[in-house]
Amino acid sequence: MAGVSDREHVSHDMGMHTEQLAGRTQQTFFSPEEGESFVYPDAPGVDFNKRAEFDAQDLDSNAINQKIRELMNDGHGTIVVKNPGAKHSLGVGILNRLNLIFEGSLGYFGIGLIDGPNVRIQGRVGWSCAENMMAGTVIIEKNAGSTFGAALRGGDLVCRGSVGSRTGIDMKGGTIIVGGDTGAFSGFMMQRGRMIVCGNAGKNLGDSMYDGTIYVGGEIKDLGVDAVPGEMDDVERAWLTRKLKMYDLLPDKGVDHFTKIVAGKQLWNYDNLEPTEKKIVL
Amino acid sequence: MCGIAGLIHRGNTSDIGSEMTAMLQSLRHRGPDSTGFAVYGVPGPGEYVIRFKVAEQEDLATGFKIHHEIRARRALVDERILEMGGEIVAAEEATEYAYRYRVRFDGDLKRLAEFIEDVEGAEILSVGNALELIKDLGDATVVSNQYSLNGFTGTHAIGHTRMATESDVDIRSAHPYWAYPYNDISVVHNGQITNYWIMRREMERRGHRFVSSCDSELLAVYTADKLDNGHSLEDSLRQSIEEIDGVFTYVVATKDRLGMAKDTMAAKPMVLYESDDLVALASEEVAIRAIIPHEIDTYDPYDEEVRVWQA
Chain E
1 MAGVSDREHV SHDMGMHTEQ LAGRTQQTFF SPEEGESFVY PDAPGVDFNK
51 RAEFDAQDLD SNAINQKIRE LMNDGHGTIV VKNPGAKHSL GVGILNRLNL
101 IFEGSLGYFG IGLIDGPNVR IQGRVGWSCA ENMMAGTVII EKNAGSTFGA
151 ALRGGDLVCR GSVGSRTGID MKGGTIIVGG DTGAFSGFMM QRGRMIVCGN
201 AGKNLGDSMY DGTIYVGGEI KDLGVDAVPG EMDDVERAWL TRKLKMYDLL
251 PDKGVDHFTK IVAGKQLWNY DNLEPTEKKI VL
Chain U
283 MCGIAGLIHR GNTSDIGSEM TAMLQSLRHR GPDSTGFAVY GVPGPGEYVI
333 RFKVAEQEDL ATGFKIHHEI RARRALVDER ILEMGGEIVA AEEATEYAYR
383 YRVRFDGDLK RLAEFIEDVE GAEILSVGNA LELIKDLGDA TVVSNQYSLN
433 GFTGTHAIGH TRMATESDVD IRSAHPYWAY PYNDISVVHN GQITNYWIMR
483 REMERRGHRF VSSCDSELLA VYTADKLDNG HSLEDSLRQS IEEIDGVFTY
533 VVATKDRLGM AKDTMAAKPM VLYESDDLVA LASEEVAIRA IIPHEIDTYD
583 PYDEEVRVWQ A
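So the protein lines, in turn, are chains E and U.
Residue numbers for the first sequence follow this note's numbering, so the first one is 1 and each next one is one higher.
Residue numbers for the second sequence follow this note's numbering, so the first one is 283 and each next one is one higher.
Here it is in structure tokens:
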């Protein structure tokens with residue numbers, strides 16, 4: 001049984017075998033042509049130069065989200081929401097291109113389930129910001145709560161301040177960038193994607209991570225189970241520099257002092273190939 | 283789920299009754315079962331404020347007889363305060379079954395409290411020089427109006443909106459909690475304590491009493507025990523993270539301090555705003571926005587973080 005490890009022998013003897021995954025995740029779901037200009041069937045066509053703004057002070061979360069929908073359907077490509085007042089679930093489920101600006105803070109579950117928009121939040125965000133985000137860019141000017149970018153699948157999620165615990169829990173792609181510190185259990189069960197923390201990281205960093213990469217510029221309190229330091233090459237340094245520069249977060253001393261953390265254990269049936277469809281979406 | 287909130291004015295007093303009502307009302311969605319306030323007023327010299335009830339709200343639906351019984355129970359409490367050497371300076375009726383007494387007393391406060399609670403249906407909600415504890419079924423506005431909390435002047439307050447998960451929907455299981463023998467202490471908690479029974483039995487062995495089967499009461503008893511044994515509030519909060527298991531974020535208030543602690547898993551939320559003259563903290567930022575409408579900087583405390591502020 002050439003090429004089979006000792007551990008695999010045991011499972012073979014028991015009648016089990018390692019599933020051959022090579023090729024399965026190479027399946028193409030979208031053609032490259034569609035990938036270039038893919039839009040959801042009911043996504044409104046918007047013009048970035050058509051700008052609208054409204055005051056959300058006296059509106060509840062549903063009414064604010066409804067108002068954003070109406071403005072998008074009218075073709076507004078730049079929408080400014082004033083006084084969001086830390087209300088919950090704002091800006092969720094936007095599946096098309098849009099420039100969305102919140103002049104204030106969001107509560108819990110803000111900007112979840114989005115695919116495409118560029119969002120700027122000029123305040124802070126509560127728990128679970130940009131959960132399940134597929135694509136686009138979200139920039140938060142102040143701090144963020146826990147489970148920041150939970151189950152993130154794509155796009156860039158940037159917080160200039162510090163974030164709470166369990167940042168990037170279960171993340172499956174995309175990039176999380178934190179200008180300040182991050183709390184305990186960051187990168188917990190991370191499966192793909194990259195997380196960059198310019199400040200310090202709390203305890204159990206990368207606990208139970210399957211795959212993906214975490215870069216930390218400051219101190220790491222301790223590493224979680226299965227997380228180990230990795231070696232950075234020049235390509236990664238160039239990528240880090242470019243990403244941080246893009247969001248004006250590049251430290252004066254560059255990125256040489258960053259520590260790279262990766263999964264230290266290969267899971268039995270885990271395929272870490274990046275799916276082709278992911279590349280098209282990104 | 284539950285919502286907790288706290289605020290403290292540094293070196294100043296304010297209408298903390300209205301402020302805490304606004305904070306808790308905006309957290310209503312986190313738990314509509316009951317609402318509780320612990321407000322710290324300006325203490326009168328040599329006086330205690332005792333808030334107590336002699337029946338539960340649901341008892342009122344049991345028939346006409348209860349109204350007569352409530353009057354009889356209250357008369358018995360009055361009698362016992364006098365018998366112990368206390369003087370009732372003022373008596374206010376917050377509801378038919380809950381009262382606020384200002385009492386001049388210089389004896390053993392624990393004995394007085396136990397003597398009052400010996401009356402059928404009687405339960406002391408709070409006793410202290412500065413602390414007043416109000417809790418009842420309903421949302422913050424309902425409870426605040428019922429107990430005339432708007433306009434209450436003081437330095438600091440904590441509050442709680444409860445989603446009943448571990449025990450019944452009644453006043454007894456509502457937060458905040460306080461505990462003998464250290465007066466002026468109150469606690470609100472969001473989370474679940476998993477070594478409750480072990481810790482409760484230990485506390486009971488040490489002579490502490492529990493009035494409910496709600497796990498959050500343990501934190502009040504634990505803190506009272508620590509403070510009574512000479513520990514600082516900060517030490518008590520730090521030690522609780524080591525000794526108490528479960529997921530919790532809780533806020534403690536004493537006569538002149540406000541403190542918070544977050545467990546090792548950081549599983550329960552807390553948002554914090556801090557300035558030179560005001561500290562406000564709550565399960566959600568929307569509660570802080572209810573009293574500070576302009577744009578502010580807030581942050582989430584991390585795991586095992588302990589903070590204490592002085593009034």
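The C-beta atom is built at its ideal place from N, Cα and C for all residues, glycine as well.
Straight-line gap, residue i to residue j (C-alpha atoms, nearest Å)
i                      : j                      : result
residue 30 of chain E  : residue 422 of chain U : No answer about residue 30 of chain E holds up, because its pLDDT of 49 lies below 50 and its placement is not dependable.
residue 50 of chain E  : residue 66 of chain E  : 18 Å
residue 343 of chain U : residue 372 of chain U : 29 Å
residue 225 of chain E : residue 169 of chain E : 14 Å
residue 467 of chain U : residue 522 of chain U : 16 Å
residue 141 of chain E : residue 198 of chain E : 15 Å
residue 560 of chain U : residue 518 of chain U : 23 Å
residue 126 of chain E : residue 53 of chain E  : 23 Å
residue 482 of chain U : residue 531 of chain U : 19 Å
residue 139 of chain E : residue 501 of chain U : 39 Å
residue 489 of chain U : residue 213 of chain E : 53 Å
residue 516 of chain U : residue 55 of chain E  : 43 Å
residue 233 of chain E : residue 155 of chain E : 23 Å
residue 22 of chain E  : residue 177 of chain E : Interpretation of residue 22 of chain E is limited by its pLDDT of 44, a score under 50 that renders its predicted location unreliable; the figure taken from the coordinates is listed afterwards. Each residue's Cα considered, the two are about 31 Å apart.
residue 381 of chain U : residue 333 of chain U : 6 Å
residue 230 of chain E : residue 251 of chain E : 21 Å
residue 431 of chain U : residue 562 of chain U : 19 Å
residue 584 of chain U : residue 322 of chain U : 27 Å
residue 511 of chain U : residue 406 of chain U : 23 Å
residue 471 of chain U : residue 465 of chain U : 19 Å
residue 239 of chain E : residue 162 of chain E : 22 Å
Distance between beta carbons of residue j and residue i, contact taken as under 8 Å
i                      : j                      : result
residue 397 of chain U : residue 366 of chain U : 6 Å
residue 324 of chain U : residue 401 of chain U : Actually they do not touch by this definition, with Cβ atoms about 30 Å apart.
residue 320 of chain U : residue 413 of chain U : 6 Å
residue 452 of chain U : residue 485 of chain U : 22 Å between Cβ atoms; not a contact.
residue 194 of chain E : residue 175 of chain E : 5 Å
residue 409 of chain U : residue 330 of chain U : 6 Å
Cβ of residue i within 7 Å of any chain E Cβ
i                      : result
residue 571 of chain U : yes
residue 379 of chain U : no
residue 525 of chain U : no
residue 567 of chain U : yes
residue 548 of chain U : yes
residue 360 of chain U : no
residue 555 of chain U : no
residue 551 of chain U : yes
residue 582 of chain U : yes
residue 585 of chain U : yes
Residue-chain proximity (residue i, chain U), Cβ-Cβ < 7 Å
i                      : result
residue 165 of chain E : yes
residue 107 of chain E : yes
residue 143 of chain E : yes
residue 187 of chain E : no
residue 124 of chain E : yes
residue 183 of chain E : yes
residue 86 of chain E  : yes
residue 127 of chain E : yes
Sequence-distant residues of the same chain with beta carbon closer than 6 Å to residue i, five excluded per side
i                      : result
residue 115 of chain E : 95, 134 and 135
residue 185 of chain E : 165, 166, 204 and 207
residue 105 of chain E : 86, 123 and 124
residue 326 of chain U : none
residue 534 of chain U : 469, 505 and 541
residue 291 of chain E : This structure leaves residue 291 of chain E out entirely; chain E is present only between 1 and 282.
residue 83 of chain E  : 55, 56, 57 and 104
residue 76 of chain E  : 50 and 52
residue 358 of chain E : The requested residue 358 of chain E does not occur in the structure, where chain E is confined to residues 1 to 282.
Proximal residues to residue i (C-beta, below 7 Å), its chain only, five neighbours per side dropped
i                      : result
residue 283 of chain U : 312, 313 and 445
residue 151 of chain E : 131, 132, 170, 171 and 172
Cβ shell of residue i (< 8 Å), same chain only, five flanking positions each side left out
i                      : result
residue 580 of chain U : 553, 554, 555, 567 and 570
residue 218 of chain E : 181, 197, 198, 199, 200 and 201
Problem set entry | Completely contained beta strand (DSSP E) runs for the region 90 to 159 of chain E, where each covers 3 or more residues | Fully enclosed beta strand (DSSP E) runs of 3 or longer: 99 to 103, 115 to 121, 135 to 140 and 156 to 159.
Exercise. Going along the chain, which unbroken runs of the alpha helix (DSSP H) with 4 or more residues stay wholly within the region 206 to 253 of chain E?
Worked result: Within the region 206 to 253 of chain E, the runs of alpha helix (DSSP H) that reach at least 4 residues and sit entirely inside it are, in chain order, 234 to 246.
Problem set entry | Secondary structure, alpha helix (DSSP H): runs of 4+ residues fully inside the region 336 to 408 of chain U | Every unbroken stretch of the alpha helix (DSSP H) spanning 4 or more residues and falling wholly within the region 336 to 408 of chain U is given here in chain order: 347 to 365 and 391 to 399.
For this session: Just list the alpha helix (DSSP H) runs in the region 488 to 531 of chain U, keeping only unbroken ones of 4 residues or longer that don't cross its boundaries, in chain order.
Result: Fully enclosed alpha helix (DSSP H) runs of 4 or longer: 499 to 510 and 515 to 525.
For this session: Mind listing, in chain order, the continuous alpha helix (DSSP H) runs of no fewer than 4 residues lying wholly within the region 52 to 86 of chain E?
Result: Within the region 52 to 86 of chain E, the complete alpha helix (DSSP H) runs of at least 4 residues are 61 to 73.
For this session: Go through the region 402 to 464 of chain U residue by residue and report every complete run of the alpha helix (DSSP H) that reaches 4 residues or more, in order.
Result: Counting whole runs of 4 or more residues, the region 402 to 464 of chain U contains the alpha helix (DSSP H) stretches 422 to 428.
For this session: Return the chain-ordered ranges of every alpha helix (DSSP H) run that is complete within the region 534 to 576 of chain U and spans a minimum of 4 residues.
Result: Scanning the region 534 to 576 of chain U for uninterrupted alpha helix (DSSP H) segments of 4 residues or longer gives 567 to 571, listed from N- to C-terminal end.
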